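Asker: The working numbering puts the sequence shown at residues 4 to 343.
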Amino acid sequence: MAKGLDVGTMNIIAAERHGDKTTLTQQRNSFVEIEYSDVAEKMLARSDVLYIKKDNQVFIVGEDALNFANIFNTATRRPMQKGILSRDEKSAIPMIRLIIERLVGTPKESGEILYYTSPARPADSPNQDVLYHQKTIESILRKLDYTPRVINEGMAVVYSELADNQFTGIGVSFGAGMTNMCVSHYGLPVMTTAVARGGDWIDSQVAEATGHSKDRVTAIKEREFEINPENPQGEVQSALTIYYDNLVTYAINTLKREMARAKVEEGLTLPVAITGGTASCKGFKDLFERRIFEANLPIEISKVKMARSPLYSVAMGTLVAARAEEAETLEELVAVDSKK
Ligand SMILES: Nc1ncnc2c1ncn2[C@@H]1O[C@H](COP(=O)(O)OP(=O)(O)OP(=O)(O)O)[C@@H](O)[C@H]1O
Ligand SMILES: [Mg+2]
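1. Got a sec? Which residues, its chain only, sit under 7 Å from Lys-259 by beta carbon, not counting five neighbours each side?
2. Would Ile-74 be called buried (16 or more neighbouring beta carbons within 10 Å of its own) or exposed?
3. For Phe-296, count neighbouring C-beta atoms within 10 Å of its own C-beta (all shown protein chains included) and say buried if the count is 16 or more, exposed if not.
4. Helix, strand or coil for Thr-77 per DSSP?
5. Within 10 angstroms of the Cβ of Gln-236, are there 16 or more other Cβ atoms? Answer buried if so, exposed if not.
6. Check each candidate in Thr-321, Glu-329, Ala-330 and name the one with the smallest Cα separation from Ile-154.
7. Around the Cβ of Lys-85, are there at least 16 other Cβ atoms within 10 angstroms (buried) or fewer (exposed)?
8. Would you kindly check if the distance between the Cβ of Asp-41 and the Cβ of Val-52 is under 8 Å?
9. In whole angstroms, what is the alpha-carbon distance linking Lys-224 and Glu-292?
10. Under DSSP, the alpha helix (DSSP H) around Ala-95 begins and ends at which residues?
11. Does Pro-129 pass the burial test, meaning 16 or more other C-beta atoms within 10 Å, or should it be called exposed?
12. Does His-21 come out as helix, strand or coil in the three-state DSSP assignment?
13. Could you name each continuous alpha helix (DSSP H) segment of 4 residues or more that falls completely within the region 96-180, going from the start of the chain to the end?
14. Please state whether DSSP places Val-35 in a helix, a strand or coil.
15. Can you tell me whether Thr-221 sits near ligand 1, meaning its C-beta is under 7 Å from at least one heavy atom of the ligand?
16. Go through its chain and collect everything with a Cβ distance to Asn-256's Cβ below 8 Å, but skip five positions before and after it.
17. Cβ of Met-184 versus every heavy atom of ligand 1: is any distance shorter than 7 Å?
18. Using a strict less-than 5 Å threshold between each residue's beta carbon and the heavy atoms of ligand 2, what residues do you get?
19. When every heavy atom of ligand 1 is checked, does at least one fall within less than 7 Å of the C-beta of Glu-225?
20. What is the rounded straight-line gap between the Cα of Ile-63 and the Cα of Ile-37?
21. What would DSSP say about Tyr-315, mapped onto helix, strand or coil?
22. For the putative contact between Pro-278 and Ile-302, defined by C-beta atoms under 8 Å, what is the C-beta separation to the nearest angstrom?
23. Just verifying my parser: in three-state terms, what is the DSSP assignment at Lys-56?
24. Using a Cβ-Cβ cutoff of less than 6 Å, which residues in the same chain neighbour Arg-105 once the five nearest sequence positions on both sides are dropped?
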């Protein structure tokens with residue numbers, strides 16, 4: 004058996020098979036630090052809250068971090084920023100280790116294969132150390148006795164969404180920290196790229212432009228926002244529409260430039276699959292379609308496919324990739340995917 008793990012800036016999601024079903028488990032990639040004396044020991048010990056005690060501090064990690072932050076009126080922190088481990092957060096590694104341990108547990112057999120995602124080196128921020136991030140996650144998984152294999156996040160989108168086109172096409176994941184893009188030919192990455200912008204960038208820009216707090220902007224965006232350029236409702240919605248359009252155009256321009264640089268064969272006809280939490284608001288597919296057809300890429304776009312579950316499709320793709328390692332042919336792999 005095999006497992007998959009999507010390591011994202013905001014969400015970490017594990018995928019595995021139970022009989023005929025795929026099970027997904029999720030944790031927020033965040034934590035909060037609280038004075039030990041403030042939290043009743045019993046409150047922690049009796050619940051399944053994920054925490055670490057260190058000297059006089061307690062770190063509440065994952066899903067419960069936000070609740071505790073609200074109760075104790077303090078801010079959550081994040082192990083990752085812009086798609087990779089944060090270099091400004093000294094507690095990043097122990098926190099993400101705890102989240103990963105909770106999600107993937109111990110392997111069913113020693114050396115079980117586990118595919119985990121890594122972003123591409125961002126075209127607009129080439130100094131970001133993706134390799135260090137990747138190797139750190141790998142080492143955490145290896146210590147748990149898995150055999151870790153890395154998969155590019157855009158490639159995981161292709162595995163999840165483009166089985167019906169023999170894993171050929173373009174996968175794009177609009178996450179919190181980054182936007183990852185990949186051109187795949189029969190299940191092999193021809194070109195991968197990314198931009199170090201995603202939902203977090205939109206939130207910061209809108210907060211800056213409107214004077215609202217970033218948390219407030221995120222809440223509005225996730226709860227009630229709809230991209231409607233002709234008729235934006237209210238100040239925050241108008242600003243969100245502007246920055247959504249800016250992000251999509253910026254990502255597509257980068258894709259175009261990087262495809263030319265990688266000399267992706269011209270004249271191909273490829274589908275594009277889009278996913279990620281940032282792609283899940285209403286109107287996103289229309290906006291993306293409009294901008295990608297305007298962009299005149301060196302290839303033809305046959306269709307734009309929106310993932311059915313934008314928050315989970317990358318994780319599902321990692322599981323398809325992991326199970327594909329056990330399948331010997333592309334036909335078998337398509338069969339594996341159709342059972343997902
Ligand atoms: N309904 C929604 N509408 C708009 N944005 C949303 C919605 N739900 C979640 N988001 C945004 O999606 C982002 C999280 O998406 P996702 O889980 O795909 O990112 P991630 O994988 O953690 O990050 P990355 O891949 O960049 O490292 C956040 O910016 C969040 O605010
Ligand atoms: Mg992601």
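Glycine is no exception: its CB is placed at the ideal position from the N, C-alpha and C atoms.
Keep in mind that this is a model prediction, so the values were computed, not measured.
Answerer: Reading it off the structure:
1. Ala-298, Leu-300
2. Counting of Cβ neighbours within 10 angstroms places Ile-74 among the exposed residues, the total staying below 16.
3. exposed
4. It is coil, neither helix nor strand.
5. exposed
6. Thr-321
7. buried
8. No, Cβ-Cβ distance for Val-52 and Asp-41 is not below 8 Å.
9. Rounded to whole angstroms, Lys-224 to Glu-292 spans 21 Å at the Cα level.
10. 95-107
11. exposed
12. strand
13. Contiguous alpha helix (DSSP H) elements confined to the region 96-180 occur at 133-146, 156-164, taking only those with 4 or more residues.
14. Secondary structure of Val-35 (DSSP, three-state): strand.
15. Checking the Cβ of Thr-221 against ligand 1 gives yes.
16. Ala-298
17. no
18. Gly-11, Gly-178
19. True, at least one ligand heavy atom lies under 7 Å from that Cβ.
20. The straight-line gap from Cα to Cα measures roughly 8 Å.
21. coil
22. Residue identity differs from the one stated: residue 278 is Thr in this sequence, not Pro. Their Cβ separation, rounded to whole angstroms, is 20 Å, which puts Thr-278 and Ile-302 out of contact at 8 Å.
23. strand
24. Leu-53, listed in sequence order.
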